[in-house]
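Single-structure report; data block below.
Numbering (the numbering used here), first residue to last: 194 to 311.
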């Protein structure tokens, strides 16, 4: 399943972060269109709860609207100076990256994981 393959790098990064003893604050967003599409919600929330400093945000666009830089800034207590990893449809990633640059996030702080259904 494409979704599983594309989500795997982020699940592996989250698992590695849990094993890492270095304290860091991380916000992870799982963005889906509908509640029914949130099939990895339990897995991600369970992993995120295993280490303090990790905040999990389940984001349902049908309920919350499209995720944008302003919402990220509000939910993450700012975005400038933070590393932001994006995974999702190319149009969404490009839109968010453009918005993040407008609010002051540097190119080097935006990382893309391409996510195309084939």
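Using N, Cα and C, we set each Cβ at its ideal position, and we do this for glycine too. In this text, all values refer to a predicted model and were calculated from it rather than measured experimentally.
Taking one beta carbon from each stretch, the stretch 285-304 and the stretch 242-250 have fewer than 3 pairs nearer than 8 Å; the two do not touch.
Contact between the stretch 287-297 and the stretch 255-265 is present, with at least three C-beta pairs closer than 8 Å. In the three-state scheme derived from DSSP, where H, G and I count as helix and E and B as strand, residue 256 is classed as helix. For residue 248, the pairing in a beta bridge is given by DSSP as 220.
DSSP, read as helix, strand or coil, puts residue 203 in helix.
Ranking 255, 249 and 268 by CA distance to the CA of residue 233 puts 249 first.
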